[in-house]
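Residue numbers (the numbering used here), protein chains in the order written: chain F, 1 to 348; chain A, 1 to 187.
Ideal Cβ placement from N, Cα and C applies to all residues, glycine included.
Here's the structure, in structure tokens; my notes come after.
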């Protein structure tokens with residue numbers, strides 16, 4: 001793998017910069033046919049890119065070989081590989097019904113021999129707080145799920161909404177780059193006043209930020225502030241939620257109207273068409289607080305604290321859920337909107 | 001609006017097949033992210049418990065209509081989220097451990113004893129991987145080792161497909177730069 005780098009590196013040419021991001025993708029066979037053809041054509045006449053491509057091919061092979069080889073060569077790894085049986089899962093699934101706690105804590109309780117290592121006092125306090133926050137969510141989730149085991153304890157009603165996620169949207173809050181997409185070239189980025197969507201249809205709220213990243217929450221409430229700073233005032237922007245085959249969008253436009261759209265697969269219908277409301281602060285630069293409340297199959301829509309409308313969707317037998325990775329801030333082509341103060345809670 | 005086609009719940013046997021088929025690769029993926037075998041075991045178990053709950057709820061993709069690919073993407077997405085959560089918590093709770101992410105320390109900890117060049121190269125590769133951001137490592141493992149498509153990587157990481165391609169490209173460039181920088185030091 002090292003032969004190339006014992007040789008002097010050839011100098012890049014003016015076009016190389018535009019092909020550089022595509023070279024590793026060509027090596028990994030992740031380009032479309034036309035893109036791949038263009039890169040190959042350039043590399044055929046460019047020593048610099050050819051050299052880089054060779055490096056990426058070598059790294060790709062090394063990574064693949066290393067993974068396969070490590071599994072054989074390291075007995076510790078082989079021994080540590082889990083051999084979970086169905087019985088293990090069924091047993092583990094029974095345990096949390098009377099102890100609805102954070103999944104990671106549950107894992108610890110399940111297998112005391114496995115500890116996460118460093119858990120100081122602060123960690124314990126944080127775990128207790130997380131557990132307290134999730135109790136309400138999990139109890140509601142267990143109650144709503146059709147697959148709740150027979151004889152499961154009846155959840156105790158919670159005293160108020162539980163915060164699932166809250167963010168002022170002033171900076172990327174996640175340690176991992178897999179958090180908020182701060183990518184100006186895509187049109188989703190942090191800027192003045194909050195999270196900007198510029199000429200982009202939507203930016204997903206990253207699932208990694210949720211406390212319980214694989215649970216769907218029924219009966220939830222999403223609130224966010226938004227203002228349009230450029231583009232036509234008759235363009236729609238707002239909140240989207242749901243998987244791609246069951247998508248809902250609550251939108252407003254800066255001309256003072258709102259709408260709700262439900263999509264089932266490729267079929268989208270404006271269940272509530274454009275409706276004017278005095279609750280909406282009209283005009284570019286005006287800030288509005290949008291709120292969607294989903295309870296069962298019923299949606300309520302609020303703007304600046306005033307209920308502007310409602311809708312029901314019983315197309316599917318299961319009620320819509322607020323799911324990590326399936327909530328989006330929505331914008332549109334040729335416009336820029338700024339979102340701030342996002343809050344997702346269980347429905348009050 | 002169209003009515004969805006009726007779908008059925010997975011049988012216990014089908015779930016057992018999923019468990020047998022995916023647990024080993026999923027474990028290797030998670031272990032590569034969190035760097036700890038026991039922790040990876042716990043996380044993988046959590047993923048399959050969540051999957052079992054989804055089977056009982058007849059939630060997609062755990063129905064008779066869900067394809068193996070859909071199920072695989074779901075499992076990897078859940079596993080990535082779990083691993084990311086652990087890494088995030090680790091950064092808050094045990095942030096002193098970030099100090100050990102230095103390349104020199106990583107090499108020292110993983111220094112080969114009497115192995116041959118292959119071992120040296122493997123250790124160097126692991127050490128370089130340890131210097132990358134976890135999201136980059138996840139992207140590399142998904143894109144290079146597991147051979148997921150850009151769209152699938154995007155689904156698993158919860159980002160846009162274009163962003164997944166950019167991240168994969170960037171991660172490969174970083175890996176190349178770090179690897180050859182380290183190689184120059186070794187030489």
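For residue 272 of chain F, the beta-bridge partners assigned by DSSP are F:260. Within chain A, the C-beta atoms nearer than 7 Å to that of residue 55 of chain F come from 176, in chain order.
For residue 56 of chain A, the secondary structure class from DSSP, reduced to helix, strand or coil, is helix. For the set F:233, F:32, F:273, the Cα lying nearest the Cα of residue 308 of chain F is the one of F:273. Inside the region 61-95 of chain A, DSSP marks whole alpha helix (DSSP H) runs of 4 or more residues at positions 68-93, from first to last along the chain. A Cβ-Cβ separation of about 7 Å places residue 164 of chain F in contact with residue 220 of chain F under the 8 Å criterion.
Within the DSSP bridge table, the entry for residue 253 of chain F names F:236, F:257 as partners. The beta carbon of residue 159 of chain A sits closer than 9 Å to some beta carbon of chain F. Neighbours of residue 30 of chain F in chain A, taken as residues whose beta carbon is under 8 Å from its own, are 143, 149, 150, 165, 168 in chain order. With a 10 Å radius around the Cβ and a threshold of 16 neighbouring Cβ atoms, residue 47 of chain F comes out exposed. The continuous beta strand (DSSP E) containing residue 291 of chain F extends over residues 287-295.
Taking a contact as a CB-CB distance under 8 Å, the pair residue 168 of chain A and residue 25 of chain F counts as one, their CB atoms being some 7 Å apart. Contacts between residue 92 of chain F and chain A, judged by CB atoms closer than 8 Å, involve 45, 49 in chain order. Going by DSSP, residue 226 of chain F is part of the beta strand (DSSP E) stretching over 220-230. Using a Cβ-Cβ cut-off of 9 Å, residue 310 of chain F does not count as an interface residue toward chain A, since no Cβ of chain A sits closer than that to its own.
Contact with chain F is found for residue 12 of chain A, since one of that chain's Cβ atoms lies less than 9 Å from the residue's Cβ. When the alpha-carbon of residue 65 of chain F is set against those of A:126, A:157, A:160, the nearest one is in A:126.
Three or more Cβ pairs closer than 8 Å define a contact, and the region 31-42 of chain A falls short of that threshold against the region 234-253 of chain F.
Excluding sequence positions up to five before and after residue 16 of chain F, its CB lies within less than 7 Å of the CB of 46, 48, 49, all in the same chain and listed in chain order.
For the region 12-30 of chain A, the set of residues with a beta-carbon nearer than 8 Å to any beta-carbon of chain F comprises 12, 15, 16, 19, 23, 24, 27, 28, in chain order. Contacts between residue 164 of chain F and chain A, judged by CB atoms closer than 8 Å, are missing: the closest CB pair is about 14 Å apart. Those residues of the region 129-140 of chain A placed with their C-beta closer than 9 Å to a C-beta in chain F are 129, 133, 134, 135, 136, 138, 139, 140, ordered along the chain. Inter-residue distance for residue 57 of chain F and residue 27 of chain F is about 6 Å (C-alpha atoms, whole angstroms).
When the beta-carbon positions are compared, residue 334 of chain F and residue 232 of chain F come within less than 9 Å of each other. Under the Cβ criterion of 9 Å, residue 180 of chain A is counted among the residues facing chain F.
In the structure shown, residue 147 of chain A adopts coil according to DSSP, grouped into three states. At a cut-off of 9 Å between beta-carbon atoms, residue 43 of chain F makes no contact with chain A. In terms of beta-carbon proximity, residue 83 of chain F lines the interface with chain A, with at least one pair separated by less than 9 Å.
Within chain A, no C-beta atom comes nearer than 7 Å to that of residue 50 of chain F; the closest sits roughly 14 Å away.
Burial is judged here by how many other beta carbons sit within 10 angstroms of a residue's own beta carbon; residue 61 of chain F has fewer than 16 and is exposed. Only buried fits residue 262 of chain F, as 16 or more other CB atoms lie within 10 angstroms of its CB.
Beta bridge pairing from DSSP links residue 342 of chain F with F:167. DSSP, read as helix, strand or coil, puts residue 300 of chain F in strand. Counting only the Cα atoms, residue 29 of chain A lies some 21 Å from residue 166 of chain A.
Secondary structure note for residue 188 of chain F: its beta strand (DSSP E) is the uninterrupted segment 188-191.
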